[in-house]
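Visitor: Under the UniProt record's numbering, the letters of the sequence shown match residues 1 to 270, in that order.
Beta carbons: idealized from backbone N, C-alpha and C, even for Gly.
Remember, predicted model here, so these are calculated numbers, not experimental data.
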Amino acid sequence: MAVALARLGLKSKYFSRFGQDQLGEVMIKDIAAEGVDISTVKRVPFFTGAMVRNPGKDAPVETTYLRKGSAASTIEASDISDEFITNARWVHTTGITCAISESGAAAVAHALARAKALGVKSSFDLNLRRKLWSDEQAAKVLKPLAKDVEFLIGGESEYEVVFGSKDAKSVLKDANDRGCKIAVMTNGDQPLRYSINGEFGQIVPPKVVAVDPVGSGDAFTGGTIAGLLSGMDELTALRQGSRSGARVASMFGDWTGLPTGSGGVINEDN
1 MAVALARLGL KSKYFSRFGQ DQLGEVMIKD IAAEGVDIST VKRVPFFTGA
51 MVRNPGKDAP VETTYLRKGS AASTIEASDI SDEFITNARW VHTTGITCAI
101 SESGAAAVAH ALARAKALGV KSSFDLNLRR KLWSDEQAAK VLKPLAKDVE
151 FLIGGESEYE VVFGSKDAKS VLKDANDRGC KIAVMTNGDQ PLRYSINGEF
201 GQIVPPKVVA VDPVGSGDAF TGGTIAGLLS GMDELTALRQ GSRSGARVAS
251 MFGDWTGLPT GSGGVINEDN
């Protein structure tokens with residue numbers, strides 16, 4: 001997500017905790033090399049979390065998570081200062097942080113609450129990961145957080161778990177009523193459903209040959225947020241996000257295909 005914004009010419013800052021190990025060192029350097037500000041990253045005496053997966057070329061993508069007890073799982077609400085938030089125009093959070101520890105969930109709740117109190121726009125990606133916790137656990141933690149954000153993102157199955165239904169019009173309207181101005185339901189290469197302040201619609205994503213879908217969701221989110229920060233209206237920003245997500249899905253690697261641009265707008269030659 002942070003890399004997607006940086007590729008589009010915006011300043012982005014990434015916060016997490018990394019271990020004092022070689023994996024943490026490599027990951028921090030890779031993120032910084034993309035122009036992302038990592039000045040607030042903390043190094044702690046725990047192992048750096050990781051996700052291991054197959055390429056997904058000849059078989060469905062399968063993942064193994066090494067996150068429980070990781071450095072990132074020790075994140076605390078006190079890590080997120082008001083200064084950190086007020087220096088930003090947008091705060092993005094994810095349900096994965098909530099899944100890896102109770103303190104992670106508390107940190108997300110704190111970040112969203114403080115962003116609202118300080119007048120900073122925010123977004124929340126449900127990002128349900130069933131290998132990290134049960135549907136029941138996820139719904140209990142994620143639903144209270146899925147409110148009062150500028151932008152709520154989730155897949156069809158994620159909305160079904162958290163909101164109890166996969167009927168797009170119903171759950172997206174519910175999200176709007178909970179203070180989420182823009183609520184989006186994705187479904188791979190199928191039409192994206194959205195509701196903006198109660199106005200429901202669909203966007204057909206660009207047709208591409210899908211090579212690797214991993215990373216396309218964050219690319220969509222990053223492209224959309226970048227568009228909103230550039231001054232685009234909501235629908236135009238969602239279309240830009242869809243374009244960004246499709247481009248990433250057409251190449252191997254989480255951010256290999258991320259488009260470039262300036263001021264939050266994708267260059268036409270991408």
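Can you check DSSP and say which residues form a bridge with Ala-50?
Guide: According to DSSP, Ala-50 bridges with Leu-66.
Visitor: So what does DSSP say about Leu-118, is it helix, strand or coil?
Guide: helix
Visitor: Report the three-state DSSP secondary structure of Tyr-159 (helix, strand or coil).
Guide: helix
Visitor: Roughly how many angstroms lie between the CA atoms of Gly-223 and Ser-244, to the nearest whole one?
Guide: 6 Å
Visitor: Cβ atoms of Val-248 and Gly-257: under 7 Å apart, would you say?
Guide: yes
Visitor: Measuring straight from C-alpha to C-alpha, what distance separates Ser-101 and Phe-84?
Guide: 22 Å
Visitor: How big is the Cα-Cα spacing for Glu-62 and Met-51?
Guide: Roughly 10 Å separates the two Cα atoms.
Visitor: For Val-26, report the span of its alpha helix (DSSP H) as first-last.
Guide: 22 to 33
Visitor: Let's test the definition: count the other Cβ atoms within 10 Å of the Cβ of Asp-212 and tell me whether it reaches 16, buried, or not, exposed.
Guide: buried
Visitor: Let me know the secondary structure DSSP gives Arg-7 once reduced to three states.
Guide: helix
Visitor: Cβ of Ser-250 less than 7 Å from any chain B Cβ?
Guide: As a matter of chain content, chain B is missing from the structure shown, which is built from one protein chain.
Visitor: Is the beta carbon of Ile-75 sitting closer than 7 Å to the one on Arg-129?
Guide: no
Visitor: Using the three-state DSSP reduction, which class does Phe-220 fall into: helix, strand or coil?
Guide: For Phe-220, the three-state secondary structure derived from DSSP is helix.
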